[in-house]
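This report concerns only the one structure given below.
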Amino acid sequence: MSKLKEMFNSLPELGRLNSWPAGMIDRAYLANSKGFFSKAWQFFKVRAIFLTLFLPLTLVDILVSGALGIRFSFSTFFVADNLQDQRLAQQKKYTTIFSKNLYAIFASLIGLISPKLVAFYFTPEKTSQKGVTAGGGYHHDEEAEFERPTTVRELQSIITEAAEAGKKVMPIGAGLSQGKQFLPEGGKGAVVVDLSQLQLRGGPISIDAEEGVATVSAAVRWADLQNEANKLGLALQFMQASNVFSVGGSIGTDIHGWNITGTLADSILEIDFVDAQGKQHTLTPEDELFHHLTSGFGLYGVITQVKLKLIKNEKLYERGVEVAPAQYVEHFQQKVQHNDNVHMHLYRLSLDPKNLLGAGVAVDYVKDPSPYGPVEDEAHKARLEKGKQKDDSVEKEEELRPRSKRKERIKEEEDEICVTPNLQQEGNRGTRFNQVMINLARRIPYVRKYYWESERDRVLANNAPATTTNEIMQPPINAMFNPSVSEAEWLQEYFLPGDELDGFLAELGQLLMTNGVPLLNASVRFVKHNQETHQSPLSYARAGDRFAVVLCFNQSLEPSEIIKAKKWLREAQHMAVERGGSYYLPYQQVSSPDDFDRAYPDAQAKVQALKQEVDPEGVFSSGLYQKYLAPQTEVNHFKVIMESEENKEEFAGFLKNVLQRVDADKFFALLEDIMTYNDTHAEIYQELCNRLPEIMPSAIGDFRHILSSLSAIKTDLARQAKAILPSEMTEINGLVEIGYPARFVGGFKANYQVTGPIVAIHENDPSLTDYIQTGYPRPNDDYRKLDYNKPHLALADLPEDSADVITCYVGLHHFPDDELEAFLTEVRRVLREGGHFLLVDHDVEYGETSMSMAHMAHTVFNAVTGASLKEEMTERRNFRPMSHWKALLEEYGLGYEVEGPDVPMIREGDPSRNRMVSFVKPKLELQLDKGLSSSANDKDDYEHGPHAKRDFRKEKQIKVVVVEESTASNSKKTAVTVKKDEDHQDKHEGEKVPVEVGQWRNSESSAKLSRDGHWGAASKRSITSDQRTQEPTPVSTATC
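Per the UniProt record's numbering: the sequence shown ends with 1040, consecutive numbering throughout.
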């Protein structure tokens, strides 16, 4: 029933049925369309949806919304007064839907040409999805949990509980940062703290009008603070070019705006925050940590409340001067920077697709407009004839008024309280006209050119009437926000020294034109450096005054377009760094770590030092922190493989001889391209998974490769097993395969008579795909589930002494170190005496290239087989040299068996050195029953019986040597026990006792024979009468 209800709730509401095909059209543009056929398919698909679904349902919506609008309109005449507002709101809703659908029908021909020009306005809102999505729609963490505390105490509990659980925490403001700034990474879980429900004493906003100080919650949006400040004739001193952002998020990124005297940090008086230990603090500019919370990106704590300075709301005039980029810095320094008449300033740049950033208009917001007038050049006169004329009503009055009178008026305006009447915030989606114009600008270059030219002419006319600070600081922007999943507006910002600005603009403009970037807005803003406040190592203004180049552009989220964007964004950031500049960190994280270090020198060391002091457990962490600021201790194995031709040639052996799924040359070419715009292992792996289809063979061809690879590994490992097992072995009574669904049983059956039970132990449940690996029917008698975290459980209920051979071709490196004891104990228990444990694992050396080869073999296999990023990043790979495994298994009673030269069993061309070795449970057991009391034997049998946990490492203290006493008539074998002291030195000899072969004896005196007399290498060959000695000597195993 719940599923039916969920399905019903997912249906569009009445009057919005066409949102369903509109969403289909939107998602169709998200698909990768690099090739000709994929582009052609997309072209016809979206138009078919538009024609057969969108238009018919639009007609239905017109009828339905029209009928509902009429109904609610008439019902207002016949309902009680308290219901009239509700009915009028419903009438407005459906009449708006009606008119919107009517326009869609009128524009249907345009929709056939470009469906998004029409259907885009009907795209459904994004349904609630698990996790957190960053601004810009690109990054998403589906496992992150939202927490919305209502009190500071509740926030403190959230932080301390997350720390105890090993989870990472990050605060979120308005959620508009476009990288991974508020996506927690690096822990056992992620908690995103949203303070929108936080209740503080005094409410979310409290303003002292006399002092001009606001005390606000960190969750407050600038728009709300603007409204309250305006009522008292006050305004914000620093804010972005939009008021949709939160106060706390703006502090964490230390935003700047059109004010030329500094950044937001210069207006903050006090910060309350909760640290990683859950303690609350209040900081002022006198505290060092205060200056790290600004531009701190939430890495030191959660800001809860802030006190900041406000300024008077003033009447200002917008005036402009056309200035070429080459002359702009000089113009600013001479006519703007020290001009008290200029209260705000920006430099608007050309959006002409054929001249991006190649021209500009310097825009001042001034108290006295008299120094400004229309530009009297012929080009400007011609533009005026085409476009707008001056509004004489204001300007004539200004011209007739003497200068002294204007000064008096300005002085009077400064003394009076200025409240902007009817200050209204923009709607969530802006006006319908703005939506239409922005949508046209996204797709049609001429519209962007027209918009730039009309705005340039409007500003240069210098006839704009006076507007207030609060009006100026809320430019219409919300029409850019939309629910599309196939595109978004992205931002970029670069900070340049003044003498490098012109050259950078020229380079950047050319880069944008080369990549066909649909630029919607571009400007330059001045950022004043203040030594006292810009102390954070992540501050973009810490090194001096900077000119900020701000870009807003439409970005398709189609995979191929994302790749294209990452490349040019990375190049642009590199260009800024090369010119001694930096780039803004709240946006896409595409720069290389080297460029980050140059843009923000010593940031990693300084942030780490401070984190060690205030957050030693690293509770606050993010994707930004993990990529650029966290200590990078792990080797990037992608880079090791690609750093030399020799390494690539060596790894090609794995691709050609072992994996056999991708062409080596194509793989390296693809990987080289991916690494030009990705840096971390996670980034490279994810992109490799996304782009592997570009080089993979067809489905049929890939299936052939799978069968070929499978056949090769089955043949190779069968040959290795045949070579490594005793030559006299002909029968295997009991076979256990760990890690595969009986894939290699056929090889044993081909070479041996396999009797007894055959057990397959695999992580997945039996499926039809198993037949590809094993053939039909399945060769196993029993199937057990393998838990890699508790591998011994799969063996726990197998009978003791029930298998001659146990294979573990997946290696021991996937099992936890603390579980190996239990696992190896079970392996030894299940094996018969003289039974063989065949292990395949990577014989690698620490710090050597072979370690990277082994890691990359697993990584590429995961990518080809479709393993998720989470599976790749959490896969256990405890690679160790084979000498380590030999010593470990020797400790647990499984000796390394060799016969002849010890030649590593490694498949030809395998650079990961995946090697097969054989370990043996001793065949020769000793029953030392002379001199031992029956009670002691009974006690030992009870403690060390078949199902008891035995410590073979203690038994190692007993050395057993076998001697042979011969006479003319017979030969008798005896054993001498030698007790070891703590230093493993022989202490004394015991009695000579008979040796019983093939008997299981659960006493501490039972021991395995080895050439050195300890637990370890087992005796495989029997002692013959030709082997005689006068003194007790250990039996030596033949080495292979």
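Ideal Cβ positions, reconstructed from N, Cα and C, are used throughout, including at glycine.
Only a predicted model underlies this, so the values are computations on that prediction, with no experimental measurement involved.
Between the region 599–609 and the region 794–813, the count of Cβ pairs shorter than 8 Å is below three; the stretches do not touch. One thing to note: Ala-548 has its Cβ no nearer than 8 Å to the Cβ of Gln-492.
The beta carbon of Ile-255 sits closer than 8 Å to the beta carbons of Phe-238, Met-239, Gln-240, Phe-245, Thr-263, Leu-264 from its chain, once the five residues preceding and following it are set aside; these are given in chain order.
Note that the region 623–636 does not touch the region 649–665; fewer than 3 beta-carbon pairs, one per stretch, sit closer than 8 Å. A Cβ-Cβ distance of about 5 Å is found for the pair Val-527 and Arg-546, placing them in contact under the 8 Å criterion.
Under the three-state reduction of DSSP output, Ile-806 falls in the strand class. Close CB contacts of Lys-886 within its chain, under the 6 Å cut and outside five residues either way in sequence, are with Tyr-896 (chain order).
Contact holds between the region 420–432 and the region 473–480, because three or more Cβ pairs, one in each stretch, are under 8 Å apart.
Per DSSP, Asp-272 is one residue of the beta strand (DSSP E) stretching across 268–274. Apart from the 5 residues on each side of it in sequence, Thr-730 sits with its Cβ closer than 7 Å to the Cβ of Tyr-752, Gln-753 in its chain, given in chain order. When rounded, the separation of the alpha-carbon atoms in Val-193 and Lys-279 is 16 Å. Lys-126 places its beta carbon 8 Å or farther from that of Glu-142.
Taking C-alpha positions only, Met-513 is separated from Leu-496 by approximately 21 Å. If you draw a straight line from the Cα of Thr-215 to the Cα of Ile-158, it comes to about 24 Å. Per the DSSP secondary-structure output, Ser-918 pairs in a beta bridge with Leu-838. Exposed is the label assigned to Pro-616, since fewer than 16 other Cβ atoms lie within 10 Å of its Cβ. C-alpha of Phe-433 to C-alpha of Tyr-121: approximately 12 Å in a straight line. DSSP, read as helix, strand or coil, puts Asp-782 in strand. If you check the CB distance, Val-213 and Leu-310 come in under 8 Å. Per DSSP, reduced to three states, the secondary structure at Tyr-94 is helical. Taking a contact to require three or more Cβ pairs closer than 8 Å, the region 313–324 and the region 225–237 qualify as touching. By the C-beta density criterion, Arg-71 is exposed, having fewer than 16 other C-beta atoms within 10 angstroms. In this structure, DSSP gives Thr-215 an extended state, which the three-state scheme calls strand. Within the region 143–179, the complete alpha helix (DSSP H) segments of 4 residues or longer fall at 152–164, listed in chain order. Taking a cut-off of 8 Å for Cβ pairs, the region 677–697 and the region 855–873 touch, as three or more such pairs fall below it. In this structure, Arg-570 lies away from Ser-539, with their beta-carbon atoms at least 8 Å apart.
The Cβ-Cβ distance between Leu-17 and Leu-55 does not fall below 8 Å.
By alpha-carbon distance to Leu-236, the top candidate from Ala-488, His-343, Thr-807 is His-343.
In this structure Ile-303 touches Ile-251 by the C-beta definition: roughly 6 Å separates them, less than 8 Å. The way I'd put it, the region 171–187 does touch the region 622–630; three or more beta-carbon pairs between them come closer than 8 Å.
Spatial neighbours of Thr-469 in its own chain (CB-CB distance under 7 Å, excluding positions within 5 residues in sequence) are listed in chain order as Ala-235, Asn-313, Glu-314, Leu-316. Val-274 sits away from Val-79, with the two beta carbons spaced by 8 Å or more. Within the region 445–511, complete alpha helix (DSSP H) segments of at least 4 residues are found at 445–460, 469–472, given in chain order. If you draw a straight line from the Cα of Gly-111 to the Cα of Ile-25, it is about 11 Å long. Within the same chain, Lys-566, Lys-567, Arg-570 come within 6 Å of Tyr-677 by CB-CB distance, once the 5 residues on both sides are set aside.
Between the C-alpha atoms of Arg-598 and Glu-645 there is a straight-line separation of about 29 Å.
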